[in-house]
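Just so you know, the protein sequences line up as chains A and B, in that order. Per the numbering used here, the first sequence starts with residue 416, numbered consecutively. Per the numbering used here, the second sequence starts with residue 499, numbered consecutively. Written out below as structure tokens is the structure these notes cover.
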Amino acid sequence: MTASTTGPDTVIAFDHVSKTFPGHSAISDLDFRIGRGELVSVVGVTGCGKSTMFNLTLGLFPPTAGVVRVQDHDPHRDFEWFRKRVAVVFQDARLLPWRTALQNVCIGMKFAGVPKPTWDATARDWLARLGLAGREDAYPHQLSGGQRQRVSLARAFAVDPELILCDESFSALDEITAQTLRAEFVELVRAGGKTGVVITHNIGEALSLGNRVLVLRPPGHLADDVLLPTDATPEETAALRARVLRAMNPSAELDPGAAAAPNTDIAQAGAQ
Amino acid sequence: MTSPKTGSAVSSSGSEPGRPPLWRRLADPKILVLIVGFLVVWQLASMVTEPYTVPRIGDVLAAMGTTLSTPDELANLLTTLARVGVGLVVSFAVGLGVGLLAGTFPAAGGYLLPIVRFVQGIPSLSWVIIAVIWFADVETRVLFVMVLVTLPGFALQTYDSYRAIPPELRDMARSFRPTALSMFREVTLPAITPGLFTAWKVNLGLGIRMVLIAELVGATVGVGAQLLSAQQLFDMASVVSWTLLLAFCVLLLQALIDAIEASALRYRGAGRAAARRRPAPSAPAAAKG
């Protein structure tokens, strides 16, 4: 099953993109499309170019070769155009320590140019949706790691962006909290009709989050593009997991147990 | 410096916004014992020495009363404080600009920072002598000396605080595409504020000392000029009176800076209070998530 999304509904398009830094090539001939409303996971071993792809999508730097288009704009050249259209949830919550939870949610809207009169009500609403009603006035150091990440999710969703990017946003949390937040994240993305891209090192997370998995392999090219069925049987899921693992590391002899494990991560895949 | 990942302070600082206010610190029994002990030793010493060596407490209090109740005398104290204030504000403005410029544009920092460090290495007294030769006007001399002596502290502290801003916070802010002004107001300024308070506290004491030295040379109004006059008259009571008045003013100004700092950095106090309330590690976490 290989996805190919093109046309006016394309939100992210990498067209034979390469990115070279002094001394090494981070991405080489990366080519894929992500359509509107898709929730796509990106997995790959360390150094496969996930972060570079993420930063190129954000427009933090231009590609060395090829074309990156996000919502039909150049994310680097038209950096300001993406204000309020893109939001990011990072691995760590990255809250401003001098701001309360409520103010941290408002700050995203302020940065994104959302009209001020709506900040307070929107921020309170999103904090309540994410289970933080009553914690609006808490400073980040008064919140648990999971609560901080909820604030960061609220900050991203409050902007009402069309595209949400997650950079290993759930990997620093304990598994129970991560599962809860993943489920909440998927529900919010689907309910809002948004497009989501989740970078993760956890294959189980990649298979459970979205409707599609992009597998990257060093030096930053697409190794596989896997469409996920909505109601996969355990056998199908195991087969998909094996396929992803094989794409990440084609020379590895797959251990059937590892392929079936629900939370196989990059370290395991790379070690095989 | 601690990481924002843990949600605590961003910039290193010697400040302690969570500490008790000045009046409560002065009410500490140990401080009271020290003050009473000092006064007893002072009184005993004044009884066995000449007034020009150790003046009597009563004479000093009378001199202080005269100063505070006589407008012309009081003008000396206020003039000195005004010179300190103006000098520090100008120095702060320039130092903040230099520090931010050096932090924001490394190429500019490559030129500015060596100059600032060179200026910092020049003895304060040399600046006083240079000022006397260069400027006939007393106010210009004092301002020149104040700015040159305190500017490196403001500039370097600003620069260091700017560099200490976690890049993760800047990246987070940039991901929302803020305007440059929003970025400065919401990320840069709050992040460097603790360092700025530290610089103010250090430079307040330094500024007072420098103004007095500058006033000793050529000024006719100001505490430094009055100290010189008292020295020429062997009027030790006035010397101690002026010195104590200035010291009290510095204490009040430090208390004012402490109060502003405690208000501006109250999130740190909240963090300390939360840490005190936090349950033992074995207790179950109450927080969701």
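Cβ coordinates follow ideal geometry from the N, Cα and C atoms, glycine included.
Within chain A, the residues placing a beta-carbon under 7 Å from that of B:A671 are F526, ordered along the chain. Nearest in C-alpha terms to A:I618, of all of A:A657, A:T610, A:D575, A:V612, is A:A657. For the 8 Å CB-CB criterion, B:F652 and A:G523 do not form a contact. Unbroken beta strand (DSSP E) stretches of 3 residues or longer found wholly inside the region 644-709 of chain B: none.
If you check each beta-carbon in the region 662-695 of chain B against every beta-carbon of chain A, the ones closer than 9 Å belong to P664, E666, L667, D669, M670, A671, R672, S673, F674, R675, P676, T677, S680, M681, E684, V685, P688, A689, T691.
Proximity to A:L631 across A:S623, A:V641, A:L624 peaks at A:V641, based on C-alpha coordinates. Taking 8 Å as the threshold, the shortest C-beta distance from B:Y550 to chain A does not fall below it. In this structure, the CA atom of A:K499 is about 17 Å from the CA atom of A:G452. Here the C-alpha atom of B:V626 lies approximately 6 Å from the C-alpha atom of B:A712. Contact check for A:S456 against A:T610 fails: the beta carbons are separated by 8 Å or more. Counted as a single uninterrupted DSSP element, the stretch harbouring A:T515 is not any alpha helix (DSSP H), since DSSP gives it neither H nor E. Here A:S456 is bridged, per DSSP, to A:V613, A:V628. Assignment of A:R509 by DSSP, reduced to helix, strand and coil, places it in the coil class. Assignment of B:R764 by DSSP, reduced to helix, strand and coil, places it in the helix class. A straight line joining the alpha-carbon of A:Q562 with that of B:L702 spans about 41 Å.
Secondary structure at A:G481: strand, using DSSP grouped into helix, strand and coil. Secondary structure of A:D487 (DSSP, three-state): coil. With contacts defined as CB atoms closer than 8 Å, A:I449 and A:V612 qualify as a contacting pair. Under the 8 Å criterion on CB atoms, A:V574 is classed as interfacial with respect to chain B. By the rule that beta-carbons nearer than 8 Å mark a contact, B:Y657 does not touch chain A. Contact between A:I579 and A:A502 holds, since their C-beta atoms are separated by about 5 Å, short of 8 Å. At a Cβ-Cβ threshold of 8 Å, B:T565 and B:L572 count as neighbours. Approximately 6 Å separates the beta-carbon atoms of A:V566 and A:L510; this is inside 8 Å, confirming the contact. Look at B:Y660: its C-beta is not under 8 Å from any C-beta on chain A. From the beta-carbon of B:Y765, the residues of chain A found nearer than 7 Å are P512, W513, Y554.
Those residues of the region 466-497 of chain A placed with their C-beta closer than 8 Å to a C-beta in chain B are L473, L475, F494, E495, F497, ordered along the chain. The C-beta of B:W698 has 16 or more other C-beta atoms within 10 Å across all chains shown, which makes the residue buried.
Annotated as distal: A:V432 and A:M663, with beta-carbon spacing of 8 Å or more. Around the beta carbon of B:V531, fewer than 16 other beta carbons lie within 10 angstroms, which makes this residue exposed.
Taken through DSSP and simplified to helix, strand or coil, A:R500 comes out as coil.
Two segments are said to touch when three or more pairs of C-beta atoms, one from each, lie closer than 8 Å; by this definition the region 727-742 of chain B does not touch the region 594-602 of chain B.
A Cβ-Cβ distance of about 3 Å is found for the pair A:G464 and A:G635, placing them in contact under the 8 Å criterion.
The way I'd put it, the region 527-547 of chain A doesn't touch the region 581-589 of chain A; fewer than three beta-carbon pairs between them come closer than 8 Å.
For A:G523, the residues of chain B that pass the 8 Å Cβ criterion are F674, in the order they occur in the chain. With respect to the 8 Å criterion, B:D557 and B:A735 are classified as neighbours on the basis of their beta carbons. Assigned with DSSP and collapsed to three states, B:F616 falls in helix.
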